[in-house]
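The sequence shown maps to residues 20 to 120 in the working numbering. For reference, the structure discussed in these notes is given below.
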Amino acid sequence: MDLIISFGPKNTLAKYMILFGAHNRPPMLDKDLYDSWKSQMEIYMQNKEHGRMILESVENGPLIWPIVEENGVTRTKKYAKFSTAEKIQANCDLKATNIIL
20 MDLIISFGPK NTLAKYMILF GAHNRPPMLD KDLYDSWKSQ MEIYMQNKEH
70 GRMILESVEN GPLIWPIVEE NGVTRTKKYA KFSTAEKIQA NCDLKATNII
120 L
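Right under this line is the structure:
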C-alpha cells in the first residue's frame, strides 16, 4: 500500500482508517498469535503484586461487591468498609481491567 494520503480538512483520520479497512488489528487478535499473547499476558500479570489474584480476576470475572441493608435501603458496601482481603481483591480487579484495556 504505497498510497499516500495527505491530512487536511477533507481527509480525516477516520476516512484514512476506513480506506485501509478493518483488517488492521493488533497482532494479539490474529488467531495464529493469540496463544503466544495470552501466555505473555499471563506471565506479565503473575509478575505483578498479587499477580495470582489479578489473573483470577481476568479468568473468573471481578469481585461481586457485597450488598448491605441500612435503614431499609439496600446498596453495595462502601469501599472504606471493606475488609483488608476485600480491598486487595477490589484493587486487583481494577489492575486486571487496566491491563486488559
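Each residue gets a CB set at the ideal place from its N, CA and C atoms; glycine is no exception.
*Between the CA atoms of leucine 82 and threonine 95 - distance to the nearest angstrom*: Against the sequence shown, residue 95 aligns to sequence position 76. Against the sequence shown, residue 82 aligns to sequence position 63. Distance between the alpha carbons of threonine 95 and leucine 82: 12 Å.
*Count the other CB atoms within 10 Å of the CB of leucine 113; is the residue buried (16 or more) or exposed (fewer)?*
Residue numbering aside, residue 113 sits at position 94 when the sequence shown is read from its first letter. It counts as exposed.
*Starting from the N-terminal side, write out each stretch of the alpha helix (DSSP H) that is 4 residues or longer and does not extend beyond the segment 34 to 120.*
Taking only runs of at least 4 residues, the alpha helix (DSSP H) segments lying wholly in the segment 34 to 120 are 50 to 65, 70 to 79 and 103 to 119.
*Relative to the C-alpha of isoleucine 107, which residue among Asn90, Met72 and Trp56 is closest?*
Taking the sequence shown and counting its residues from 1, the one referred to as residue 107 is at position 88. When each option's Cα is compared against that of isoleucine 107, the closest is Met72.
*Assign alanine 104 to one of two classes, buried (16 or more other C-beta atoms within 10 Å of its C-beta) or exposed (fewer than that).*
The count along the sequence shown starts at 1 and reaches residue 104 at position 85. Its Cβ having fewer than 16 others within 10 Å, alanine 104 is exposed.
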